[in-house]
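J.:
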Amino acid sequence: MQLLISNLPVDTSNEDVLQLLTEQLGAPAPVEVKVEAGDAGRNAIAYIRYPADTPATLGKVLDDKISGLHYKGHDLDAAVTHNFKD
Numbered sequence: 021m022q023l024l025i026s027n028l029p030v031d032t033s034n035e036d037v038l039q040l041l042t043e044q045l046g047a048p049a050p051v052e053v054k055v056e057a058g059d060a061g062r063n064a065i066a067y068i069r070y071p072a073d074t075p076a077t078l079g080k081v082l083d084d085k086i087s088g089l090h091y092k093g094h095d096l097d098a099a100v101t102h103n104f105k106d
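Taking the working numbering, the leading residue of the sequence shown gets 21, the next gets one more, and so forth.
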């Protein structure tokens, strides 16, 4: 399962996203976190990958918890997908 978190602050690091997921939301640690600059340097996007056998329920719960979450001055959005292209 893969999760996309958008509208993160532009200075967000991989470690910040990992802390958000595991410490603040109580989610298991993903196998990969990658943060990239978003629209014109105003925000960042995080790509999070969990093992393929991760229950779909985790994606739904994380989507529900993250979408609309106010984080460091930004209202986050999340989406679950099953296939990111490299």
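Ideal placement from N, C-alpha and C gives every residue a C-beta, glycine not left out.
Keep in mind that this is a model prediction, so the values were computed, not measured.
Would you mind stating whether Arg110 and Glu43 have Cβ atoms separated by less than 7 angstroms?
T.: Outside the displayed range of the chain (21 to 106) lies residue 110, so it cannot be described from this structure.
J.: In the DSSP assignment, find the alpha helix (DSSP H) that holds Lys80 and state where it starts and stops.
T.: Position 60 of the sequence shown, counted from the first residue, corresponds to residue 80. Counting along the chain, the alpha helix (DSSP H) containing Lys80 begins and ends at 76–86.
J.: What's the C-alpha gap between Met21 and Ala66?
T.: Here residue 21 corresponds to residue number 1 of the sequence shown, with the count starting at 1. Here residue 66 corresponds to residue number 46 of the sequence shown, with the count starting at 1. Their backbone Cα atoms lie some 14 angstroms apart in a straight line.
J.: What do you get for Thr32, buried or exposed, if any count of 16 or more other CB atoms within 10 angstroms of its CB means buried?
T.: The count along the sequence shown starts at 1 and reaches residue 32 at position 12. Flag for Thr32 reads buried.
J.: Have a look at Val81, Lys92, His94 and flag the residue whose alpha-carbon is nearest the alpha-carbon of Val100.
T.: Start at 1 with the first residue of the sequence shown, and residue 100 comes out as number 80. For the residues Val81, Lys92, His94, the minimum Cα distance to Val100 belongs to Val81.
J.: Whose CA, out of Asp84, Asp73, Pro75, Ala64, lies closest to the CA of Gly93?
T.: Taking the first residue of the sequence shown as position 1, residue 93 is located at position 73. Closest by alpha carbon: Ala64.
J.: Between which two residues does the alpha helix (DSSP H) carrying Leu89 extend?
T.: On the sequence shown, position 69 is the one that residue 89 refers to. Element bounds for Leu89: n/a, residue is neither H nor E.
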